[in-house]
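Same order as they appear, the protein sequences are chains A and B. Using the working numbering, read the first sequence as starting at 2 and increasing by one per residue. Using the working numbering, read the second sequence as starting at 2 and increasing by one per residue. What follows is a short report on a single structure.
Number of protein chains: 2
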Amino acid sequence: MNALDDVIETLSRLPGIGKKSAARIAHFLLAGDRSLCERIARDVSVLHDRIRPCPRCGAYCEGELCPICADPGRDRRQICVVEQPQDVQTIEAVREYHGLFHVLGGVISPLDGMGPDQLRLQELIARINEGGVEEVIIATNPTVEGDTTALYLQRVLKPLGVSVTRLASGLPVGGDLEYADRLTLARSFRGRSGF
Amino acid sequence: MNALDDVIETLSRLPGIGKKSAARIAHFLLAGDRSLCERIARDVSVLHDRIRPCPRCGAYCEGELCPICADPGRDRRQICVVEQPQDVQTIEAVREYHGLFHVLGGVISPLDGMGPDQLRLQELIARINEGGVEEVIIATNPTVEGDTTALYLQRVLKPLGVSVTRLASGLPVGGDLEYADRLTLARSFRGRSGF
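Here's what the structure looks like:
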């Protein structure tokens, strides 16, 4: 059954999908309406043609600029720096932040051959030098690489005369002290705040 | 970001894939090589054109007959009756059974409007009446509907002069008595065997 095995093999290359899930999906597609197959084929094949990085912030965009850079209602005094384009979507879903974004396209990770030169750092400095930016919020992940990158950015951006902040790290809301890992608990002590 | 949202919406219709997994896959596709997208589009779109039910057993097939019905090395004295085409693949993966298959295309389930007439039952009876079949192994799922269907099949097929058997149901190998549900444990008593 080559056509079926092909689909299973192809789907199992996707993140979070093993052989069993891929087989389940393939059988679901085969048992169901062919219009779903056609829809998947169409949507997936136009993805790369229709979406490219926003020339300004590096987030995904379909037009000239991404919807956030193009929105006159966003607060242009704040730039939130994230690692990857999908981080923009994650933060947007929370509806807490109303400024602009800047996608680095990665983090400093010498072991993976990623240095500051591989990041979209010059573009960020250029945006700050254009003026009007008051705060840069660094929202890299709370990992070794993300923290290293945050420290590096703070050193580079501080002299440009902007306030540089970092997202708080600590106990997740609804979490339990008992289940927090040591590093998170230690960081929640260091980052403790008054009432 | 319509193209991205389209992919996420489409992928989240697949079984076992929620909004978050769909978003993760969509971003993976966008960050990765476009050849994977093209491959998915191609493999999924040809699925319905290339695969249809085997006219004999009802399993998926790409040629005249499915590979199992067409294989002269299979034991034609045994027919294993399963609910769905994918059950054939599941049983084949175990390499324990070397006979033929028959796919019912469902189970008797009055609540879902599925009666014996909706199953590929006449085709099974016709295959048995052609002669040469000695044993029909009923491999419907050990659920209420699967058991009902198995009992019904047993009543209908017995008079045709074939031996009708059912897959054993009981404790899973490597399982623990403590974690077995009551019905499974009860059935493992009823189905107990000598050494």
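By construction, the Cβ of each residue, glycine as well, lies at the ideal position given by its N, Cα and C atoms. Predicted model only: the values in this text are computed from it and were never measured.
Best match in the options for proximity to residue i [C-alpha to C-alpha]
i: I26(B); options: L12(A), F190(A), A27(A); result: L12(A)
i: I139(A); options: L37(A), P160(A), I80(A); result: I80(A)
i: L112(B); options: T149(B), G132(B), V104(B); result: T149(B)
i: L120(B); options: E39(B), G147(B), G106(B), V8(B); result: G106(B)
i: V104(B); options: G33(B), G176(B), L125(B), K159(B); result: L125(B)
i: V137(B); options: G147(B), M115(B), V145(B), V163(B); result: V163(B)
i: D50(A); options: R57(B), D50(B), P54(B), E39(B); result: E39(B)
i: H28(B); options: Y61(A), A181(A), M115(A), D7(A); result: Y61(A)
i: P54(A); options: V47(A), G64(A), S46(A); result: G64(A)
Residues sharing a beta bridge with residue i, DSSP
i: P54(B); result: Y61(B)
i: C81(A); result: F102(A), I138(A)
i: D76(B); result: G100(B)
i: R35(B); result: None; R35(B) has no bridge partner.
i: S110(B); result: M115(B)
Proximity test, Cβ basis, 8 Å: residue i and chain D
i: F29(B); result: Of the chains in the structure shown, none is chain D; the protein chains are A and B.
Rounded separation between residue i and residue j - CA only
i: D44(A); j: R96(B); result: 38 Å
i: D76(A); j: A24(A); result: 47 Å
i: E10(B); j: K20(B); result: 7 Å
i: P143(B); j: A94(B); result: 19 Å
i: T185(A); j: V174(B); result: 40 Å
i: H99(A); j: Y180(A); result: 33 Å
i: L158(B); j: L5(A); result: 32 Å
i: M115(A); j: G114(B); result: 60 Å
i: A127(B); j: I109(B); result: 20 Å
i: C58(B); j: Q123(B); result: 12 Å
i: D72(B); j: V165(B); result: 23 Å
i: T141(A); j: S194(A); result: 21 Å
i: S46(A); j: V8(B); result: 10 Å
i: E135(A); j: P56(A); result: 21 Å
Assigned exposure category for residue i - 16 Cβ within 10 Å defines buried
i: Q85(B); result: buried
i: R14(A); result: exposed
i: A169(B); result: exposed
i: R167(A); result: buried
i: F102(B); result: buried
i: V145(A); result: exposed
i: S22(A); result: buried
i: D220(A); result: It is not possible to answer for residue 220(A), since the shown part of chain A is limited to 2 through 196.
i: L161(B); result: exposed
Segments of 3+ residues assigned as beta strand (DSSP E) that fall wholly inside the stretch 137-171 of chain A = 164-167
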